[in-house]
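This report concerns only the one structure given below.
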Amino acid sequence: MADLKATLYDLARAIVDNPDDVTVVVESETVDSINFVLSVSPDDMGMVIGRNGRIARAIRTVMKAAGNTCGKRVNVEIR
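Adding 39 to a residue's 1-based position in the sequence shown gives its number in this note's numbering.
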């Protein structure tokens, strides 16, 4: 779980202009799934979402692939 959280944190920090404002919180975790909440600065929200949501979709895809390595379903909510 800590590796998944660190992966999402590093991924988001690489995209935004204000990396100090990035936070990742585990909203809920069960045996087979985990829900993350990614928060960024309001100025960086467009960078994380991307044009037509492409960056957000790519972040979710990468996190789902990372979750498959440890047998967990990963959901990412961006706030």
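Backbone N, C-alpha and C define an ideal beta-carbon position, used for all residues, glycine too.
Asked: Simplified DSSP state of Arg118, which is helix, strand or coil; Found: coil
Asked: Beta-carbon contacts of Leu43 that lie in its chain and below 8 angstroms, excluding the five residues immediately before and after; Found: Ile73, Phe75, Met102, Ala105, Gly106, Cys109, Lys111, Val113
Asked: Beta-carbon proximity of Asn57 to Val79, cut-off 9 angstroms; Found: yes
Asked: Separation of Val64 from Met84, as counted between CA atoms; Found: 17 angstroms
Asked: Three-way DSSP call (helix, strand, coil) for Thr62 in this model; Found: strand
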